[in-house]
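Everything below concerns the one structure shown next.
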């Protein structure tokens, strides 16, 4: 179903997309257009680097920061389902209505434009301290992703029905490539954290030291749960005993779910940094 959208699009917003994720944890970029008691409106532009084609009924997490600060709110509070979609020539993309899955707090009992919503968010004592803390937390979370991946690689080596040569090739050209990608992103986050810790003094300097696009690339997922399932789906006969196979599948899901939960916290951190970035610009 399509309807006309009356959402006003602030021009500055076109440069500051947030990160959301699909039900399987895969990330996407979106513009936060407006916030209402029961739903939010988001936009996905044609030029986004990491865009998705949402459909009616799709379940998404938006990680909208209702408060600023590390773990000040549950990150699933702005999960919801796409209930309306329409094309917008004004933003050169699609506008989606996402209806909340959870009851919202006091802050959501009125409607907000994006600008008004950002303006009313309470600022911590220091935006500089907020950004530095979130960057440090993000670095540690990325380290956690790497640890889980290493456990997953060791796990696969024990249970997959590959020959030694086949698994060595898979490990070298697939699993280790992902591991190197995570290590490179962790190093970027570490360098950014160290730079802000040493040089970021005033809130006005946040846009100088924090490149949001580079930060997004470092924070987003290196691990596609769908791709992992595809790669190993041909080897479901991991063990002739069905019970062990079931246990293996459960263990695989546990590792992937743990990684995706860490990534959700990374996306929430990123969206808070975007808000701090905007507030630092007045």
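In our numbering, the protein residues as written are 65 to 346. Don't be surprised by glycine CBs; every beta carbon is placed ideally from N, CA and C.
Beta-carbon spacing of residue i, residue j below 8 Å
i, j, result
"residue 91", "residue 284", "yes"
"residue 376", "residue 237", "This structure leaves residue 376 out entirely; the chain is present only between 65 and 346."
"residue 210", "residue 269", "no"
"residue 254", "residue 203", "yes"
"residue 258", "residue 129", "no"
"residue 267", "residue 191", "yes"
"residue 212", "residue 127", "no"
Integer-rounded CB distance, given that residue j should sit under 8 Å from residue i
i, j, result
"residue 154", "residue 108", "Residue 154 to residue 108, Cβ: 14 Å. No contact."
"residue 132", "residue 339", "6 Å"
"residue 256", "residue 216", "No, residue 256 and residue 216 are not in contact; Cβ-Cβ is about 26 Å, not under 8 Å."
"residue 327", "residue 89", "6 Å"
"residue 282", "residue 324", "In fact, because the Cβ distance is near 17 Å, the residues do not count as touching under 8 Å."
"residue 331", "residue 83", "4 Å"
"residue 19", "residue 86", "Lying before the first or after the last residue shown, residue 19 is absent from the chain, which here runs from 65 to 346."
"residue 264", "residue 178", "About 25 Å; that fails the 8 Å criterion."
"residue 226", "residue 239", "In fact, because the Cβ distance is near 12 Å, the residues do not count as touching under 8 Å."
Same chain, Cβ closer than 7 Å to residue i, neighbours up to 5 away in sequence not counted
i, result
"residue 100", "175"
"residue 261", "196"
Counterpart residues of residue i in DSSP-defined beta bridges
i, result
"residue 176", "99"
"residue 151", "158"
"residue 164", "144"
"residue 104", "99, 162"
Local conformation of residue i per DSSP, three classes
i, result
"residue 93", "strand"
"residue 341", "helix"
"residue 327", "helix"
"residue 212", "helix"
"residue 310", "Only weak support is given to the placement of residue 310: the predicted model assigns it a pLDDT of 43, under 50, and the value that follows is read from those uncertain coordinates. Residue 310: helix per DSSP, three-state reduction."
"residue 142", "coil"
"residue 126", "coil"
"residue 82", "strand"
"residue 109", "strand"
"residue 87", "coil"
"residue 294", "helix"
"residue 287", "coil"
"residue 333", "helix"
"residue 245", "helix"
Close beta carbons around residue i, own chain, < 8 Å, minus the five adjacent residues each side
i, result
"residue 103", "144, 147, 161, 162, 163, 164"
"residue 182", "339, 342, 343"
"residue 156", "109, 110, 111"
Same chain only: Cβ atoms within 6 Å of residue i, ignoring 5 sequence neighbours per side
i, result
"residue 308", "For residue 308, the pLDDT reaches just 35, beneath the cut-off of 50, and the residue's location in the model is therefore unreliable, although a value from the coordinates is still provided. Here the set comprises nothing."
"residue 122", "146"
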